[in-house]
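Here is the structure we will look at.
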Amino acid sequence: MSEEADDRKGILPGGEAGLAFAETLAFLATAANGTLHEPKLYGTLRLMQALDRVAGAMEAAGLTDEALLVKAREIGARVTTLGFDQAAWEDFTNDAVQFFVERLHDTHPVSRDT
Amino acid sequence: MSGALPDSLPVMERILSRHVTRDFQERPIPEETLLQLIRAACAAPWGGGAHVGRYVVVTANLNLRKIRAVSPGMTGKPSAVIALCLDTGEAEELGLGSGQKTALYLALGAAMQNILLAAQDFGLGGCPIGSFHRGALRILLGLPESLEPVLMVAVGFPTPVDRPKPEPPEPDLSRFTHWERFS
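Heads up: the sequence lines are chains X and W, in that order.
Numbering that gives the first Met the number 0 puts the first residue of the first sequence at 0, with every later residue one more than the last.
Numbering that gives the first Met the number 0 puts the first residue of the second sequence at 0, with every later residue one more than the last.
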């Protein structure tokens, strides 16, 4: 193994978490490339697929709690079943935004010191 | 002809009842079953009988995960993936070069449809995948330059919740059909 490859090994460690993050990086790059030639609506779908993957990698790394896991699984399940009902998809993504923003706000409160 | 079918048209019934499956059970598919799907693919019509399709069957979990990572079109977790490739090297040797490429793609599409239809006989569901990175798949499957990955089919046993979508409306055949000349 080359010295460069050894360096890379440190960025993407083995084990389930390393594999899940490596998969997510490959997915993100693939989606960025693929959406150049896909219908416009696929962009939003790919982003929610990516969200599902990031949540999965966070779970593998032990970076999630029960509420986030439940939400991530709900998103993962609906990504595969919602199809292209644009109105339902907009509600779905709005709901996700609300969940994650409230969570961001609650878990990292702002004070005058922050 | 449209609407209800008489009992004696099983192929037509298969065609009309097929739907895309994206949610699969975690259940392996017997190798013999997968070979039957390849047999169905091989029965597709190829111009001049020159079958230059090649089918790479993937069932190993880690390999499937890697393929999913470079296939945004694969939203579910299938038990197997069949990569449908064209052997462009052999096509060239047979005189089926760039001028025949469209016909070869069409033949591979027929092979894909045969796989999807045959899958139903084994209780399997399937989903054609066109959204994947060709170069990445080459790396993961060790495809030589002469083998062009064109499509993939994800197959597996449907989950109980994977119900057929609501019946699509009966197509207005007069919109798609033109008798004798286009009008």
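We treat Cβ as the ideally placed atom computed from N, Cα and C, and that holds for glycine.
The structure presented is a predicted model; accordingly, all values stated were derived computationally and were not measured.
{"query": "Within chain W, the residues that X/GLY33 reaches when beta carbons sit closer than 7 Å", "result": "PRO71, SER130, HIS132"}
{"query": "Any C-beta of chain B under 8 Å from that of W/ALA39", "result": "Among the protein chains in the structure shown, which are X and W, there is no chain B."}
{"query": "Residue environment, W/TRP45, which counts as buried when at least 16 other CB atoms sit within 10 Å", "result": "buried"}
{"query": "Best match in X/LEU44, X/GLU22, X/GLU15, X/THR106 for proximity to X/ALA66 [C-alpha to C-alpha]", "result": "X/THR106"}
{"query": "W/ALA90 and W/VAL51 closer than 8 Å at C-beta", "result": "yes"}
{"query": "Limits of the unbroken alpha helix (DSSP H) element including W/VAL149", "result": "That residue, W/VAL149, is in no alpha helix (DSSP H); its beta strand (DSSP E) goes 146-155."}
{"query": "Same chain, Cβ closer than 7 Å to X/ALA4, five either side skipped, listed in chain order", "result": "Model confidence at X/ALA4 stands at a pLDDT of 49, short of 50, so the residue's coordinates are unreliable; what they give is reported in the following sentence. No residues qualify anywhere along the chain."}
{"query": "Bridge partner(s) assigned by DSSP for W/GLY52", "result": "W/LEU85"}
{"query": "Proximal residues, the stretch 35-50 of chain X versus chain W, C-beta separation under 7 Å", "result": "GLU37, ARG45, GLN48"}
{"query": "Reduced DSSP category for W/PRO9 - H, G, I as helix; E, B as strand; rest coil", "result": "helix"}
{"query": "Test: W/ALA79 CB closer than 8 Å to a CB of chain X", "result": "no"}
{"query": "Stretch-stretch touch, CB-based, cutoff 8 Å, three pairs: the stretch 134-144 of chain W with the stretch 64-81 of chain W", "result": "yes"}
{"query": "Buried or exposed (CB count within 10 angstroms, at least 16 for buried), X/ASP64", "result": "exposed"}
{"query": "Between the CA atoms of X/PRO108 and W/ILE128 - distance to the nearest angstrom", "result": "44 Å"}
{"query": "Within chain W, partners of X/ALA25 - CB distance below 9 Å", "result": "LYS65, ALA68, VAL69, HIS132, ALA135"}
{"query": "Selection from W/ALA59, W/ALA118, W/ARG26, W/ALA135 that minimises the alpha carbon distance to W/ARG38", "result": "W/ALA118"}
{"query": "Close-in-space but distant-in-sequence residues of the same chain around W/GLN24 (CB under 8 Å, 5 per side omitted)", "result": "SER78, GLY155, PHE156, PRO157, THR158"}
{"query": "Chain-ordered neighbours of X/THR63 on chain W, where CB pairs are closer than 9 Å", "result": "Near X/THR63 there are no residues of chain W at all, since even the closest Cβ is about 20 Å away, more than 9 Å."}
{"query": "C-beta contact flag for W/LEU107 and W/LEU85 at 8 Å", "result": "yes"}
{"query": "Cutoff 8 Å: X/GLU58 Cβ touching any chain W Cβ", "result": "no"}
{"query": "Residues sharing a beta bridge with W/CYS126, DSSP", "result": "W/ALA153"}
{"query": "Sequence-distant residues of its chain with Cβ nearer than 8 Å to W/MET190 (five each side left out)", "result": "With chain W covering only 0 through 182, there is no way to say anything about residue 190 of chain W."}
{"query": "Span separating the alpha-carbon of X/LYS39 from that of X/ASP84", "result": "14 Å"}
{"query": "Residue-level contact to chain W via CB, X/ALA30, 8 Å cutoff", "result": "yes"}
{"query": "8 Å Cβ cutoff met for X/MET47 and X/VAL78", "result": "yes"}
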